[in-house]
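In what follows, a single structure is set out as structure tokens and then discussed.
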Amino acid sequence: MADTTVKKLADIVGTPVDTLLKQMKEAGLDHGSADDAVSDDQKQQLLSFLRRSHGTADAEPQKITLKRKSTSTIKTTGASGKAKTVAVEVRKKRTYVKRSVIEDQERERLEAERLEAERKAAEEAAKAAEEEARKKAEEEAIRKREAEVAARAEAERAAAAGDEPEDTKKAADDKGKRLSVPKGTGKKAEAAPREETAEERAQREEEERRKREADEARRKQEAEARKKAEEEAARRTAEEARRIAEELERRGGDQPAAAGSEEIETGSGIVSEAMEASWRDEERTTKRRRRRPQAQVRNVVAHGQMKSSFHKEHGFKSPTEKMIYEVEVPETITVGDLAQRMNIKSREVMRTLMKMGEMATVNQHIDQETAMLLVEEMGHKPKAVKGQEETIADDLANLVQYTAEPQPRAPVVTIMGHVDHGKTSLLDYIRRAKVAEGEAGGITQHIGAYHVETDKGMITFLDTPGHAAFTAMRARGAQATDIVVIVVAADDGVMPQTEEAINHAKAAGVPLIIAVNKMDKESADPDRVKNDLSQRGIISEEWGGDHQFCYVSAHSGLGIDELLDTILLQAELLELTAAPEGPARGVVIESRVEKGRGPVTSVLIQEGRLKVGDMMLAGANFGRTRAMVDENGKPITEAGPSIPVEILGLDGAPESGEQFLIVADEKKAREVAEFRQQRDRDVKLKRAQASKLENLFETMGEKEASQVNIVLKTDVRGSLEALIGALHDLSTDEVKVNIVTSGVGAINESDVNLAMTSQGVILGFNVRADSAAKKLCEREGIDLRYYSIIYELIDDVKAAMSGKLEPERREEIVGVAEVRDVFRSSKFGAVAGCMVVEGTLRRNLPIRVLRDDVVVFEGQLESLRRFKEDVAEVRNGMECGLAVKSYNDVKAGDKIEVFEVRVVARTL
8 MADTTVKKLA DIVGTPVDTL LKQMKEAGLD HGSADDAVSD DQKQQLLSFL RRSHGTADAE
68 PQKITLKRKS TSTIKTTGAS GKAKTVAVEV RKKRTYVKRS VIEDQERERL EAERLEAERK
128 AAEEAAKAAE EEARKKAEEE AIRKREAEVA ARAEAERAAA AGDEPEDTKK AADDKGKRLS
188 VPKGTGKKAE AAPREETAEE RAQREEEERR KREADEARRK QEAEARKKAE EEAARRTAEE
248 ARRIAEELER RGGDQPAAAG SEEIETGSGI VSEAMEASWR DEERTTKRRR RRPQAQVRNV
308 VAHGQMKSSF HKEHGFKSPT EKMIYEVEVP ETITVGDLAQ RMNIKSREVM RTLMKMGEMA
368 TVNQHIDQET AMLLVEEMGH KPKAVKGQEE TIADDLANLV QYTAEPQPRA PVVTIMGHVD
428 HGKTSLLDYI RRAKVAEGEA GGITQHIGAY HVETDKGMIT FLDTPGHAAF TAMRARGAQA
488 TDIVVIVVAA DDGVMPQTEE AINHAKAAGV PLIIAVNKMD KESADPDRVK NDLSQRGIIS
548 EEWGGDHQFC YVSAHSGLGI DELLDTILLQ AELLELTAAP EGPARGVVIE SRVEKGRGPV
608 TSVLIQEGRL KVGDMMLAGA NFGRTRAMVD ENGKPITEAG PSIPVEILGL DGAPESGEQF
668 LIVADEKKAR EVAEFRQQRD RDVKLKRAQA SKLENLFETM GEKEASQVNI VLKTDVRGSL
728 EALIGALHDL STDEVKVNIV TSGVGAINES DVNLAMTSQG VILGFNVRAD SAAKKLCERE
788 GIDLRYYSII YELIDDVKAA MSGKLEPERR EEIVGVAEVR DVFRSSKFGA VAGCMVVEGT
848 LRRNLPIRVL RDDVVVFEGQ LESLRRFKED VAEVRNGMEC GLAVKSYNDV KAGDKIEVFE
908 VRVVARTL
């Protein structure tokens, strides 16, 4: 069945059509054009060929190597006495190998050893056979040569015996004797060594055999003598031990029985005394040691001796019961540190953790609750203590002292509600400003802080976004405030973000004031708002509740004065006070990075007085305040409680919602900031360990989800946090959002390089790329997009993720024909005469053959005719003749079902 064409397959895998056709030809497929259909089997054949060509055919991961690098600092004292900090980097590497791989390697090693042993045995047998054959050949050659020499000498003597005199016969005999030696040429023949005869060789081999037998007999005698000596020494040791035991039994009969611990010492003393006696006997027999004067060896234990419990009792006694420790457990602790505090090996602690269902390594952190359960499980007493971070916080709190008397301060009011309900417009009317007109898309996407001077006093307002993605901003606004004003549109009623804002205010424990906005509209229905809020526990004073309702209009100014009076009245009831002098402390509202100014941080002072030049510590960042401006951009030198300001001078953009503090000691601020940075790095490392050890091999064979890689840059830290949360919520099981890197500030070349490496897109929210980054994006073809409205960015990312989803294939039945009779054709084989009973039969669509409503074949039509003419389709109620390609078992009564596969794009 054809699922797609070559061109579509090339678009899916991201390969040019020519390259794909070449690869398919090499794989043995006969596709020649981009419009040819590709079936699933052909895809599998192409995939198998590509895997074989790249050397990864049917390969599974055999082993995996985990690497970890941790950096820490230690403080030490140099040669000059000054303290210095040394950075220590620890790198660890651990390799896990599948058990099947180890077993295969062991089998291969044993097989190689067996083959090597067989080869050596065969070589030795061949050498022995060759040596034996060589010896036999030499002996045979010597025998033949001796026989020839003897025959020649005998013939010469017989020839000369009848004609020569007696002395001539003697000379001939001498000559025959000389001829018994093989002839040589000149002096070389005379100097040649005499060859060994068979008798001499037999005599020499007999002598060597006798020598070997003598050596073997000598070694056996030595081994027997050694064995007898060892048995004799063991026998003497046993007799001495038996004698000492009898002596102790006799002593025990005269003296009262000792305690259990003394019985243990006596038992150990038996063995010690027996060993000591055997060593003394050995020294007396060998006499290898040089005697020393008695004065020198009086209190010295000789080598090979042991002090007996009868001579002097040992000072150490091993504990007879398990020691129980009181273990101090901080908020987080590594498994190795916890094992050290319990005086237990790390392996035992890890084994107990596995029994509890927790997989952890030696250097992995566990929380306080898990650690306390583990300590109790191992039989010790846990004690919860403060961690290092709490200790540092206590030290910082002790450093800040306020001596001035607390005085009344202005209330901090947070405006919250649903998007487009008029929160910023209401603040604009109060401040006589036009902030809402400058917002992109007409919605607030940042948290803003303003203070307003009224006839009855000063009020500080915090304006929060109403979009669903800014949940964390609304939560921070509720935590940093004294009073929450919930703005509800009279023509829209209670919406999801309105309900969420109410929950945040209740969680923070601050009083609520309901401002029903847009009362100037004809469609305003305040009673509907009251009914909706009463269902959520917010009942107005008019209906006997505790919450004040104010009916206002941001356009006409209706009820604005009543709202301000209500806020100031509520503030008087709260009796808000703060120290006007002393080191300032407060909360970070927002932070961003501006070109030419560096990190810019918006803070709200809650207590004390902030001045230019103060050393500020905010989360993991610190620095000296170089400049300070109010919300209107005017430079100021100091600010008191409930005043929002922007400051310059920190070494980075701190997280929104962090507490800031003014400290006098720069060294202390640096130390605390470095500790918090290390803590943040550890937290990120834990989150990065998405692939845990217990499911590492399980997920190897599964299909990986598609990813949309994004490089995200925003103007402020709060927007970055909201966007990261909203994008992560878009992830599904099939497509995931992977934020390669994120940050605050303009888009630079480093961001573009990361996007190139990860094949991702760059998204800028209210920021722009510098000229170098733009040129690099244009040259490399990187997708760079700018946004100023959050929901437009989220919609585009959602559309990109929808493109990563695999399309859905739906089958639609086009027509059904019933087989009335079957004919035989020499060209097509079985030809079915059919009646179309439903829909339309089309020749170029796939078909199924159904017999008793069960599918028996699936394929294509080879021929479709009406009368004698080939037709493309046959409609309902008409007769036709058809032949099924590669199938001749069509029978009368079967049904031919023609269907069409439609590919439908999926969306999130």
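Residue numbering for the sequence shown follows the working numbering, beginning at 8 and increasing consecutively.
All residues carry an ideal CB built from backbone N, CA and C; glycine is no exception.
The model shown is predicted, which means the values in this text are computed figures rather than measured ones.
Based on the DSSP secondary-structure assignment, which residues constitute the bridge partners of residue i?
{"i": "Ala646", "result": "Leu617"}
{"i": "Phe468", "result": "Val420 and Tyr457"}
{"i": "Arg161", "result": "Residue identity differs from the one stated: residue 161 is Glu in this sequence, not Arg. DSSP, once it has assigned bridges, lists no residue as partnering Glu161."}
{"i": "Val768", "result": "Ile717"}
{"i": "Glu376", "result": "BP columns for Glu376 are empty, so no partner."}
{"i": "Pro415", "result": "Thr584"}
{"i": "Phe830", "result": "Val838"}
{"i": "Arg909", "result": "Arg817"}
{"i": "Pro590", "result": "Arg616"}
{"i": "Glu391", "result": "Per the sequence shown, residue 391 should be read as Ala rather than Glu. Paired residue(s): Val336."}
{"i": "Tyr794", "result": "Phe772"}
{"i": "Glu653", "result": "Ser609 and Val636"}
{"i": "Leu54", "result": "Beta-bridge pairing links Leu54 to no other residue."}
{"i": "Glu598", "result": "A small fix is needed here, since residue 598 is Ser in this sequence, not Glu. Answer by DSSP bridge pairing, in chain order: Thr608."}
{"i": "Leu519", "result": "Val491"}
Quick check on this structure: which residue in the options has the alpha carbon closest to the alpha carbon of residue i?
{"i": "Val861", "options": "Lys902, Leu871 and Val829", "result": "Lys902"}
{"i": "Cys887", "options": "Arg101, Tyr894 and Lys875", "result": "Lys875"}
{"i": "Glu412", "options": "Ile820, Met361, Gly88 and Glu588", "result": "Glu588"}
{"i": "Val523", "options": "Thr488, Ala133 and Gly429", "result": "Gly429"}
{"i": "Thr431", "options": "Glu665, Glu238 and Ala561", "result": "Ala561"}
{"i": "Ala578", "options": "Gln504, Pro415, Ile437 and Met622", "result": "Pro415"}
{"i": "Val670", "options": "Leu617, Thr748 and Arg116", "result": "Leu617"}
{"i": "Asp828", "options": "Val595, Gly500 and Asp896", "result": "Asp896"}
{"i": "Glu728", "options": "Ile797, Asn760 and His425", "result": "Ile797"}
{"i": "Val459", "options": "Val636, Lys513, Ile650 and Ala496", "result": "Ile650"}
{"i": "Met623", "options": "Arg677, Thr584 and Ala585", "result": "Arg677"}
{"i": "Ile746", "options": "Arg724, Leu770, Leu122 and Ser757", "result": "Leu770"}
{"i": "Thr764", "options": "Ile789, Glu662 and Gln685", "result": "Ile789"}
{"i": "Arg633", "options": "Thr584, Val652 and Leu122", "result": "Val652"}
{"i": "Ile801", "options": "Leu27, Ser738 and Met363", "result": "Ser738"}
{"i": "Arg873", "options": "Arg226, Cys841, Tyr894 and Gln555", "result": "Cys841"}
{"i": "Gln375", "options": "Leu345, Met361 and Gly88", "result": "Leu345"}
{"i": "Arg101", "options": "Arg58, Thr368, Val863 and Thr584", "result": "Thr368"}
{"i": "Val821", "options": "Ala806, Leu848 and Gln685", "result": "Leu848"}
Do residue j and residue i have their beta-carbon atoms positioned less than 8 Å apart in this structure?
{"i": "Leu519", "j": "Val491", "result": "yes"}
{"i": "Met349", "j": "Val336", "result": "no"}
{"i": "Val838", "j": "Ala890", "result": "yes"}
{"i": "Ile717", "j": "Leu734", "result": "yes"}
{"i": "Glu869", "j": "Phe906", "result": "no"}
{"i": "Val93", "j": "Thr83", "result": "yes"}
{"i": "Arg909", "j": "Glu819", "result": "yes"}
{"i": "Thr461", "j": "Ala417", "result": "no"}
{"i": "Ile331", "j": "Lys388", "result": "yes"}
{"i": "Phe772", "j": "Ser726", "result": "yes"}
{"i": "Ala780", "j": "Asp758", "result": "yes"}
{"i": "Gly866", "j": "Lys892", "result": "yes"}
{"i": "Leu27", "j": "Leu16", "result": "yes"}
{"i": "Ala625", "j": "Phe556", "result": "no"}
I believe residue i touches residue j by the beta-carbon criterion, under 8 Å. Please report the beta-carbon distance rounded to the nearest angstrom.
{"i": "Ala611", "j": "Ala456", "result": "At residue 611 the sequence reads Leu, which differs from the Ala that was named. Confirmed, about 6 Å."}
{"i": "Val826", "j": "Gly884", "result": "Rounded, the Cβ-Cβ distance is 16 Å, inconsistent with contact."}
{"i": "Lys70", "j": "Val108", "result": "7 Å"}
{"i": "Arg599", "j": "Ala660", "result": "6 Å"}
{"i": "Asp498", "j": "Lys528", "result": "5 Å"}
{"i": "Ile731", "j": "Ser713", "result": "About 20 Å separates the two Cβ atoms, so there is no contact after all."}
{"i": "Val715", "j": "Val804", "result": "7 Å"}
Can you find a CB in chain D that lies within less than 8 Å of the CB of residue i?
{"i": "Ala634", "result": "Although the question refers to chain D, the structure presented lacks it and comprises just one protein chain."}
**Asked** Do three or more CB pairs link the region 418-432 to the region 530-547 at distances below 8 Å?
**Response** no
**Validate contact between the region 630-650 and the region 20-40 using beta carbons, cut 8 Å, 3 pairs** = no
**Request:** Report yes or no: do the region 68-82 and the region 40-56 share at least 3 C-beta pairs separated by less than 8 Å?
**Result:** no
**Message:** For the region 746-763 against the region 720-727, do three or more pairs of beta-carbon atoms, one drawn from each stretch, fall closer than 8 Å, so that the two count as touching?
**Reply:** Short answer: they touch.
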